[in-house]
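Engineer:
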Amino acid sequence: MNVLAVLLLFVPAAIAAEFMHASAVLIFVLSALAIVPLSGYLGRATEEIAAYTGPTLGGLLNATLGNLAELIIAILALRVGLVDLVKASITGSILGNLLLVLGAAQLAGGLRHKTQRFSVALAGMSISLLVIAVIGLVIPAVYHSTHVDPTRAFTRRVSVGVATLLMIGYVLSLVYSMGTHRSVFGESREVADEAHGLAHGARWSVGRAVTVLLLSAGAVGWLSEILVGSTEEAIKHIGLSQVFVGLIVVPIIGNAAEHSSAVLMAMRNRMDLAVSIAVGSSAQVALLIAPVLVFVGLAVGQPMDLAFSTFEVISVALAVAVATSVVRDAESDWLEGAFLLLVYGMLGVAFFYF
């Protein structure tokens with residue numbers, strides 16, 4: 022039985038709870054669970070459309086829409102002023118992909134296949150993107166902590182400049198991997214295409230894929246609005262902070278289906294794709310999603326800068342350092358995965374009391 026199809030039952034349940042004015046906690050839980058399968062179908066539809074458009078345009082579609090569900094949630098949260106939650110979701114998505122997803126994939130794959138190997142080119146590019154991401158997050162934070170800026174006006178200006186440059190870096194990485202050095206990444210792309218067939222079976226028609234994409238995006242937007250509307254009251258009743266919800270809950274519900282795909286591919290010895298999903302998604306969040314949210318914040322009158330807390334910046338830097346040490350040799354085993362999960366658990370405990 023298709024798990025995503027079963028989870029779709031939470032969609033009408035969440036909508037009914039909203040119209041019946043149920044408790045904020047119940048609405049929050051139901052809408053969060055409802056977004057999980059919708060984000061999965063959103064990602065599946067994107068992959069199906071990409072399969073018909075060729076490697077270059079298809080790769081661009083996957084790169085652009087890969088974190089669409091999470092972006093929709095963040096934009097709606099930003100619109101109502103939940104800036105701390107949005108910033109925490111950026112940090113949480115990076116940490117979750119680098120530590121939780123990559124760790125779970127390496128653990129599951131390593132237990133079945135002992136030692137797994139993946140593309141050296143993929144590993145090298147992933148490391149470069151992660152280093153750029155850390156630098157982009159560190160600079161605004163250091164500027165804010167070393168300058169007197171009570172209104173954060175200058176910090177926001179620095180963030181806009183850094184956001185622009187991060188987006189340029191992301192575009193350059195796409196040109197590199199899908200243009201000038203496409204042949205270097207060709208093998209990884211073939212593995213990804215084969216793995217897609219193993220995971221999903223027969224291809225959808227273009228019409229079906231486009232229809233599912235539009236319907237899923239619309240439903241995610243609606244349910245995200247319900248989720249965001251219940252967030253403040255729900256977390257107050259549960260006793261959690263915006264930071265913890267943003268760090269742990271939002272990234273998981275926005276990317277749960279993609280995360281499970283990474284683990285599944287690792288278990289099928291498709292480690293190239295697992296690494297690409299985990300590390301690539303982290304890089305996309307830092308180099309594309311975060312900058313986009315900076316500009317969206319300005320557009321909706323809820324300015325957001327990239328000056329994260331010292332603890333968040335250090336956590337991301339540690340995660341990147343650990344992940345880099347793991348992918349550098351283009352090999353993985355279950356012990357490395359277990360270590361990544363332990364680091365994620367340690368950070369989770371600390372952020373629970375943050």
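For this note's numbering, count along the sequence shown from 1 and bump the result up by 21. Just so it is clear, CB atoms sit at the ideal spot from N, CA and C, and this is done for glycine as well.
(1) For residue 137, does the three-state DSSP call read helix, strand or coil?
(2) Count the other CB atoms within 10 Å of the CB of residue 135; is the residue buried (16 or more) or exposed (fewer)?
(3) Should the segment 116-123 be called in touch with the segment 256-263, which here means at least 3 C-beta pairs below 8 Å?
(4) Rounded to a whole number of angstroms, what is the C-alpha to C-alpha distance between residue 169 and residue 320?
(5) With DSSP run on the structure shown, which of helix, strand or coil describes residue 281?
(6) Specify, as a first and last residue, the run of the alpha helix (DSSP H) that residue 26 falls within.
(7) I'd like the span of the alpha helix (DSSP H) that includes residue 225, first residue to last.
(8) Under the assumption that residue 326 contacts residue 161 (Cβ atoms under 8 Å), give the Cβ distance between them as a whole number of angstroms.
(9) Taking the straight line between their C-alpha atoms, what separation do you get for residue 63 and residue 224?
(10) When the Cα of residue 250 is compared with those of 31, 41, 97, which residue comes out closest?
(11) Using DSSP with H/G/I as helix, E/B as strand and the rest coil, what is residue 353?
(12) Is residue 287 near residue 129, with beta carbons less than 7 Å apart?
(13) Buried or exposed, going by whether 16 or more other CB atoms sit within 10 Å of the CB of residue 189?
(14) What is the residue span of the alpha helix (DSSP H) that residue 335 lies within?
(15) Would you mind giving the Cβ-Cβ distance between residue 56 and residue 95, rounded to the nearest angstrom? I have them listed as a contact below 8 Å.
Structural biologist: So, from the data block:
(1) strand
(2) exposed
(3) no
(4) 26 Å
(5) helix
(6) 24-28
(7) Looking at the DSSP string, residue 225 is not in any alpha helix (DSSP H), and its letter there is neither H nor E.
(8) 6 Å
(9) 15 Å
(10) 97
(11) strand
(12) yes
(13) exposed
(14) 331-348
(15) Going by Cβ atoms, the distance from residue 56 to residue 95 rounds to 12 Å, so no, they are not a contact pair.
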